[in-house]
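In this note's numbering, the protein residues as written are 30 to 191.
All C-beta atoms, glycine included, are put in the ideal place defined by N, C-alpha and C.
Since the structure is predicted, the reported quantities are computational estimates derived from the model, not experimental observations.
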């Protein structure tokens, strides 16, 4: 079993309710247990700022799924929640985004999967929820999640519970 950290986000529809339901979908994955979930955070849109604010969170999974299988399962959950990926729209609005942030201490560099998430250490909307549930987790090449979260600017990010 491997501990995997998942980033959750969305900004279309009732994003908070979508993330709550996504936690349940993660808990139902085969060979996987949901070990922790963060509270929900309201975060300003990032990258493409001309869109609604996001709701973000993090989940800690214990899984026997291999990284590629876990990624496929995450993409399947996104589709179940109405996510349509459009390669022409980068950082656009979405019903649900699930990112495999960390997979144990693995470093994976494949075209379809990069772990740790390449920008995890730069993104407060991912680091703050993750630091809540896995502060001692190591970001290969960057150090502990807690330390990375303490170094990042967190303007506009606020917990909303849930």
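Does the contact criterion of 3 or more C-beta pairs under 8 Å hold for the stretch 51-61 versus the stretch 155-167? Flag = no, the stretch 51-61 and the stretch 155-167 do not touch.
Can you tell me whether residue 34 is buried or exposed, with buried defined as 16 or more other CB within 10 angstroms of its CB? Residue 34 sits buried, since 16 or more C-beta atoms from the chains shown fall within 10 Å of its C-beta.
Residue from 70, 97, 103 and 49 with nearest C-alpha to residue 140: Between residue 140 and the set 70, 97, 103 and 49, the nearest pair of CA atoms involves 97.
Would you list the residues sitting across from residue 139 in a DSSP beta bridge? Paired residues: 142.
According to DSSP, residues forming a beta bridge with residue 188: Residue 188 has 70 as its beta-bridge partners, per DSSP.
Tell me, which residues are paired with residue 83 by DSSP? Looking at the DSSP output, residue 83 shares a beta bridge with 72.
May I have the straight-line CA-CA distance separating residue 128 from residue 146, to the nearest angstrom? Rounded to whole angstroms, the gap between the alpha carbons of residue 128 and residue 146 is 8 Å.
So residue 31 is in the beta strand (DSSP E); what residue range does that whole segment cover? Start and end: 31-39.
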